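Engineer:
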Amino acid sequence: MKAVLAYSGGLDTTVCIFLLREKYGFDEVVTVTVDIGLPEKELKRAEERGKKYADKHYTVPARKEFVEAIYKLIKANAEYEGYVLGTAMARPIIAEKVAEIALIERADAIAHGCTGKGNDQLRFENVFRQYGFRVIAPVRELNLTREWEIEYAKQHGIDVPATKEKPFSVDENLWSRSIEGGKLEDPSFIPPEEIYEWTKSPKFAPEEPEIVKIDFEKGIPVAVNDRKFDGFELIRYLNELGGRHGIGRTDMIEDRVLGLKARENYEHPAATILINAHRDLEKLVLSRRELKFKKIVEEEWSELVYYGLTNDPLFEALNAFIDKTQERVTGWVKMKLYKGSAMPVARYSPFALYSEELVSFDRVSLDQRLAEGFSAFHGLQGRMYQNLRRKL
Ligand code: ARG
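The working numbering runs 1 ahead of the 1-based position in the sequence shown.
1. Given 8 Å as the limit, is there contact between the region 96 to 103 and the region 22 to 39, that is, 3 or more CB pairs closer than that?
2. Use the C-beta contact count for W149: other C-beta atoms within 10 angstroms, 16 or more gives buried, fewer gives exposed.
3. Can you have a look at D36 and say buried or exposed, based on whether 16 or more other CB atoms are within 10 angstroms of its CB?
4. From the DSSP output, read off the bridge partner residues of K229.
5. For the ligand ARG, any of its heavy atoms closer than 6 Å to the Cβ of T88?
6. Going by beta carbon distance, what residues of the same chain come within less than 6 Å of L275, once the five residues before and after it are set aside?
7. Does DSSP put M90 in a helix, in a strand, or in coil?
8. Please return the same chain residues whose Cβ sits closer than 8 Å to the Cβ of N174, not counting the five positions on each side in sequence.
9. Give me the Cβ distance between K392 and L261, rounded to the nearest whole Å; I'm assuming they're in contact under 8 Å.
10. Suppose the cutoff is 6 Å on Cβ atoms and the five residues either side in sequence are ignored; what does the same chain contact list for M253 look like?
11. Compute every distance between the C-beta of E150 and the non-hydrogen atoms of the ligand ARG, then say whether any falls below 6 Å.
12. If we require 3 or more residues per run, which beta strand (DSSP E) segments fall completely within the region 308 to 341?
13. Within this structure, are the beta carbons of A353 and L282 separated by less than 7 Å?
14. Would you call I159 buried or exposed, if buried means 16 or more other Cβ atoms sit within 10 Å of its Cβ?
15. If you run the structure through DSSP and keep just helix, strand and coil, what is P62?
16. Looking at S170 and the ligand ARG, is the gap between the Cβ and the nearest heavy atom below 6 Å?
17. In angstroms, rounded to a whole number, what distance separates the CA positions of Y140 and K53?
18. Under a Cβ-count criterion, where at least 16 other Cβ atoms within 10 Å of its own Cβ denotes burial, should I111 be classed as buried or exposed?
19. Sort R228, R135, Y72 by Cα distance to Q327 and report the nearest one.
20. Just to confirm my understanding: we take A4, look at its own chain, exclude 5 residues before and 5 after, and list those with CB closer than 8 Å. What are they?
21. Run the proximity test for D121: is its beta-carbon closer than 6 Å to any non-hydrogen atom belonging to the ligand ARG?
22. Give me the DSSP bridge partner(s) of T14.
23. Under the assumption that A272 contacts W176 (Cβ atoms under 8 Å), give the Cβ distance between them as a whole number of angstroms.
24. Indicate whether V298 and G220 have their beta-carbon atoms separated by less than 7 Å.
25. Keeping to the same chain, check which residues put their C-beta closer than 6 Å to that of P210; ignore five residues upstream and five downstream.
26. Who are K146's beta bridge partners in DSSP?
27. What are the boundary residues of the beta strand (DSSP E) that includes I110?
28. If you measure from the CB of S179, is any heavy atom of the ligand ARG nearer than 6 Å?
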């Protein structure tokens, strides 16, 4: 019997390798680490440990797929309750890659290291089950605690460097870094500076604001300060630049799919800069009614991503709507980065539904006297109602 395991190289998933053999009776465990923009260090560690502890290890590249997914997030101005959805968006991509390996390996089951309290179990398993695989979740099924895992790891000669001291659970990819657990589980606890790795404290950010110009083509960012970038590098660059200015920190209470409220901390400089810029460009280009309706679409879209339901046909339909609106979202936005904020300060598009000529107080091409008739009808029913009420 063979199991394929979605592998991060951390304590949970490393313990899973041994449990799959010992408690579930698998003769062969294949680990799969999917690279959706992991830090080099983490990727290396996963690879080394996978090779050391499992019977076979795969590292599967998926940066391209993840960048494509990030483009979708940008076009949708995606956020769930204020969270930029980095982990959520990555999960179905990871799961697809793991399932592909499971097919190649003719595995009998797919395993993952998620707990029974979070969202990731739902996001992973939705995909694994779609491929018809038996799903195994040792941490959830055996009701494991971190303490127990550390003890078990020791007994099995698994080296788990510094896990006991590592006080937070971190999930990181190109779009966001999430920090949770440990002391942060007390929502009344103020997080120490040390939880942040991508962002400087705004207090120590440069005293001078910096203007950065971002070019969009059909809703997708293509250049920074007139320099063309490939998608992965562009996001990485803005993470660095924004991080230096202390941009993109979130400390929030989040409603997990299961209904549990959780305290979450995030860092996401590029996401904040790009979405603020993209939203601003849309305001210049899209009609009032498009903007209003798109908000509803964005909310629904983001919820599908958060819930791990991107295989729902609704997701495709919403993307079709979004892509249609993005046909004109071409142009640039200048963003002012300053001590934790990323504010649009200038914008241009050849598709702007904006006319300086028409709106200007200084010009006469549209005769303002025409507005008198409009104004006479405006609010008519409200006036009638208020007058009636006075008489009652
Ligand atoms: N709360 C976020 C989400 O559900 C981030 C979860 C982080 N995941 C993790 N395994 N540490 O998408």
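Glycine included, each C-beta is placed from N, C-alpha and C at the ideal position. None of the values given here were measured: they were computed from a predicted structure.
Structural biologist: Let me spell this out:
1. Segment contact: the region 96 to 103 against the region 22 to 39, three or more CB-CB distances shorter than 8 Å; contact assigned.
2. On the sequence shown, position 148 is the one that residue 149 refers to. With fewer than 16 other CB atoms across the displayed protein chains lying within 10 angstroms of its CB, W149 is exposed.
3. Along the sequence shown, read from residue 1 onward, the residue named residue 36 stands at position 35. Taking all protein chains in view, the Cβ of D36 is crowded by 16 or more other Cβ atoms within 10 Å, so the residue is classified as buried.
4. Here residue 229 is taken as the residue at index 228 of the sequence shown, counted from 1. Beta-bridge pairing links K229 to A224.
5. Taking the first residue of the sequence shown as position 1, residue 88 is located at position 87. Within the cutoff, so yes.
6. Position 274 of the sequence shown, counting from 1, holds the residue named residue 275. Around L275: I75, P222.
7. Reading the sequence shown from its first residue, position 89 is the one you call residue 90. In the three-state scheme derived from DSSP, where H, G and I count as helix and E and B as strand, M90 is classed as helix.
8. Counting from 1 along the sequence shown, the entry for residue 174 is found at position 173. Hits under 8 Å: I37, G38, L39, F67, G87, T88, A91.
9. Mapped onto the sequence shown, residue 392 falls at position 391. Mapped onto the sequence shown, residue 261 falls at position 260. About 54 Å separates the two Cβ atoms, so there is no contact after all.
10. The residue given as residue 253 occupies position 252 in the sequence shown. Closer than 6 Å at the Cβ level, and outside the excluded window around M253, lie G83, E265.
11. Position 149 of the sequence shown holds residue 150. Answer for E150: no, Cβ out of range of the ligand ARG.
12. The region 308 to 341 contains, as complete beta strand (DSSP E) runs of 3+ residues, the segments 332 to 339 (chain order).
13. Residue mapping note: residue 353 aligns to position 352 of the sequence shown, counting from 1. Residue mapping note: residue 282 aligns to position 281 of the sequence shown, counting from 1. Not closer than 7 Å, so no.
14. Residue 159 sits at position 158 when you count from the first residue of the sequence shown. So I159 counts as buried.
15. For the purposes of this step, residue 62 is taken as the residue at position 61 of the sequence shown. Strand, per DSSP.
16. Residue numbering aside, residue 170 sits at position 169 when the sequence shown is read from its first letter. Yes, the Cβ of S170 comes within 6 Å of a heavy atom of the ligand ARG.
17. Taking the sequence shown and counting its residues from 1, one reaches residue 140 at position 139. Taking the sequence shown and counting its residues from 1, one reaches residue 53 at position 52. Sequence inspection shows Val at residue 140; the Tyr mentioned does not correspond to that position. Cα-Cα distance, rounded: 21 Å.
18. Within the sequence shown, numbered from 1, the residue matching residue 111 stands at position 110. Using a 10 angstroms sphere on the CB of I111, the tally of other CB atoms reaches 16 or more, which defines it as buried.
19. The count along the sequence shown starts at 1 and reaches residue 327 at position 326. Ranking R228, R135, Y72 by Cα distance to Q327 puts Y72 first.
20. Residue mapping note: residue 4 aligns to position 3 of the sequence shown, counting from 1. If the five residues before and after A4 are omitted, its C-beta is found closer than 8 Å to the C-beta atoms of L21, Y25, F27, E29, V30, V31, A108, D109, A110, I111, A112, I137, all from its own chain and listed in chain order.
21. Residue numbering aside, residue 121 sits at position 120 when the sequence shown is read from its first letter. Result yes, Cβ under 6 Å from the ligand ARG.
22. As a first step, residue 14 must be located in the sequence shown, where it is residue number 13. Looking at the DSSP output, T14 sits in no beta bridge, so it has no partner there.
23. Against the sequence shown, residue 272 aligns to sequence position 271. Against the sequence shown, residue 176 aligns to sequence position 175. At roughly 6 Å, the Cβ-Cβ gap stays under 8 Å, so A272 and W176 are in contact.
24. Mapped onto the sequence shown, residue 298 falls at position 297. Mapped onto the sequence shown, residue 220 falls at position 219. With a cutoff of 7 Å on beta-carbon distance, V298 and G220 are scored as not near each other.
25. Translated into positions along the sequence shown, residue 210 becomes position 209. The beta carbon of P210 sits closer than 6 Å to the beta carbons of K337, Y339 from its chain, once the five residues preceding and following it are set aside; these are given in chain order.
26. Within the sequence shown, residue 146 is the residue found at index 145, counting from 1. For clarity, residue 146 is Thr in the given sequence; the question names Lys instead. Beta-bridge pairing links T146 to no other residue.
27. The residue given as residue 110 occupies position 109 in the sequence shown. Looking at the sequence shown, residue 110 is not Ile but Ala. Segment 110 to 112, the beta strand (DSSP E) holding A110.
28. On the sequence shown, residue 179 is found 178 positions in, with the first residue counted as 1. Within the cutoff, so yes.
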